[in-house]
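Accompanying notes for the structure given below.
There are 2 protein chains.
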Amino acid sequence: MKVKKSRLDAIRLILSTQEIGSQEEMLNELAKEGFTLTQATLSRDLHQLRVVKTVGVQGKYRYVLPRPSQYRHEGEQGEMRPAAVIQETAGYLSIKFSGNIAVIHTKPSYAGTLAYHIDNCDFPEIIGTIAGDDTVMLIIAEGTGHTAVLRALRSIIPNI
Amino acid sequence: MKVKKSRLDAIRLILSTQEIGSQEEMLNELAKEGFTLTQATLSRDLHQLRVVKTVGVQGKYRYVLPRPSQYRHEGEQGEMRPAAVIQETAGYLSIKFSGNIAVIHTKPSYAGTLAYHIDNCDFPEIIGTIAGDDTVMLIIAEGTGHTAVLRALRSIIPNI
DNA sequence: GGTTATATTGGAAAAATATGCATTTCATGG
DNA sequence: CCATGAAATGCATATTTTTCCAATATAACC
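Residue numbers (this note's numbering), protein chains in the order written: chain A, 410 to 569; chain B, 410 to 569.
This is the structure in structure tokens:
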């Protein structure tokens with residue numbers, strides 16, 4: 410189906426853009442984008458996207474996207490590729506290296522999203538990432554140089 | 410308060426031991442442990458612990474503990490009390506090494522729990538861990554080989 | 001101790017979320 | 001084009017979770 414696919418994309422976009430605290434809220438945002446659907450359908454969509462309701466910093470509830478897993482398991486549906494790589498430099502500030510680790514600093518709260526995109530790229534140069542609030546740690550594959558990492562990252566962070 | 414503290418501990422233990430899909434379920438488990446409380450109180454407890462309801466691998470809902478090493482903010486009671494080591498393979502998928510870092514990939518949402526257990530073991534081979542959603546990073550002690558790490562981990566991940 | 005602020009809790013109700021069932025839509029292979 | 005099975009969806013409802021309010025219990029302070 411065409412509608413559902415783009416709706417799921419819209420949901421991902423909205424979740425990574427603003428703070429949504431309930432399905433009703435999300436329903437309103439989706440309505441602004443021209444999607445008409447009921448809460449029942451949204452519940453199913455969120456379930457499929459594995460979106461979770463967490464507790465934000467001020468104790469508020471908030472829906473958040475999961476980090477996509479690099480490995481697909483049996484029974485696991487839901488391919489989670491973002492439509493396109495972000496061309497904007499979404500919060501990127503700096504990158505530093507230390508041995509086989511790279512530390513990327515971002516503006517507050519941007520680390521998760523950036524890590525999300527890096528994960529999705531499945532770079533062979535990077536074997537894993539961990540994100541905090543404004544820091545992303547990358548573990549570099551053995552035998553891979555820093556420039557190789559930079560070159561890879563440049564595809565999603567042009568001005569790195 | 411004494412009761413609440415130990416109750417929160419019990420909740421953590423239960424969550425890392427078995428799969429809980431609803432607050433009612435948790436209430437039953439807590440009752441077995443001798444805790445009497447209403448679902449309203451449990452909802453508040455879970456909120457305070459920042460426990461989240463995620464979607465498990467078979468599409469089932471499941472409550473999971475927050476990541477141990479991240480999201481530790483001011484007010485939160487940070488002590489993750491030592492729990493009995495549980496023999497479980499919970500979500501383990503793979504492990505890769507790069508220098509003094511090991512990256513364990515798990516099924517979605519299992520990383521926090523796994524890191525929790527590894528931390529509790531206090532392996533001399535592992536000086537620290539960081540957990541994301543489906544990734545655990547281990548910082549290996551200087552002069553320790555990869556096989557030594559595997560050997561240590563085998564006590565909690567038999568089929569590693 | 002006595003008094004006042006803070007935290008904890010239960011009960012009930014509100015709010016939010018999930019799901020069974022029927023219907024429509026979509027995709028596929030004659 | 002039509003039949004057929006699968007997917008998507010809405011509606012109504014069941015289930016689950018959160019929150020309001022009042023009652024205690026706990027802690028802090030003088």
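Built from N, CA and C at the ideal position, the CB exists for glycine as well. These figures come from a predicted structure and were not determined experimentally.
At a Cβ-Cβ threshold of 8 Å, A:ILE549 and A:ILE513 do not count as neighbours. Against chain B, a Cβ distance below 7 Å from A:ILE536 picks out LYS505, SER507 and VAL512. With fewer than 16 neighbouring CB atoms inside 10 Å of its own CB, A:GLN467 falls in the exposed class. Rounded to whole angstroms, A:ASN529 and B:LYS411 show a C-alpha spacing of 45 Å. At least one CB of chain A lies nearer than 8 Å to the CB of B:VAL464. Ranked by how close their Cα comes to the Cα of A:TYR519, the residues A:LEU474, A:VAL545 and A:LEU451 have A:VAL545 in first place.
Chain A has a Cβ within less than 8 Å of the Cβ of B:GLY541. Taking CB atoms only, A:ARG459 has a neighbour in chain B less than 8 Å away. The continuous alpha helix (DSSP H) containing B:SER415 extends over residues 411-426. Sequence-distant Cβ neighbours of A:SER452 in its own chain, meaning closer than 7 Å and more than five residues away, are GLN432. At least 8 Å separates the CB of B:MET435 from every CB of chain A. Judged by DSSP secondary structure, A:LEU523 falls within the alpha helix (DSSP H) whose first and last residues are 520-530. The bridge partners DSSP lists for B:ARG471 are B:THR463. Take the alpha-carbon of B:LEU422 and the one of B:LEU547: they are about 22 Å apart. Close to chain B, meaning a Cβ-Cβ distance shorter than 8 Å, are the following residues of the region 545-566 of chain A: MET546, ILE548, ILE549, ALA550 and GLU551. Non-local C-beta neighbours of A:ARG416 in its own chain, meaning closer than 6 Å and more than five positions away in sequence, comprise PHE444, ordered along the chain. DSSP places B:LEU547 within a strand segment (E or B) once states are collapsed to three.
In terms of Cβ geometry, A:ARG459 and B:THR450 do not form a close pair [threshold 8 Å]. DSSP places A:THR515 in the strand class (E or B) of the three-state scheme. Within the same chain, Cβ atoms closer than 7 Å to the Cβ of B:ASP542 are found at PRO517, SER518 and ALA520, the five residues on either side in sequence being excluded.
Checking the DSSP bridge columns, you'll see A:LYS505 partnered with A:VAL512.
The continuous alpha helix (DSSP H) containing A:THR450 extends over residues 448-458.
Between the C-alpha atoms of B:HIS526 and B:ASP418 there is a straight-line separation of about 14 Å. Taking CB atoms only, A:HIS526 has no neighbour in chain B less than 8 Å away. Chain A places a beta carbon closer than 8 Å to that of B:PRO517, counting this residue as a contact. In this structure, the alpha-carbon of A:SER507 lies about 11 Å from that of A:GLY554. Burial is judged here by how many other beta carbons sit within 10 angstroms of a residue's own beta carbon; A:GLU551 has fewer than 16 and is exposed. A straight-line Cα-Cα distance of about 11 Å links B:ILE504 and B:ILE566. Linking B:LEU446 to B:LEU436 through their CA atoms gives a straight-line distance of about 8 Å. A straight-line Cα-Cα distance of about 6 Å links A:ILE429 and A:TYR472. Contact annotation for A:PRO475 against chain B: PRO517 and ASP542 [CB-CB distance below 7 Å, chain order].
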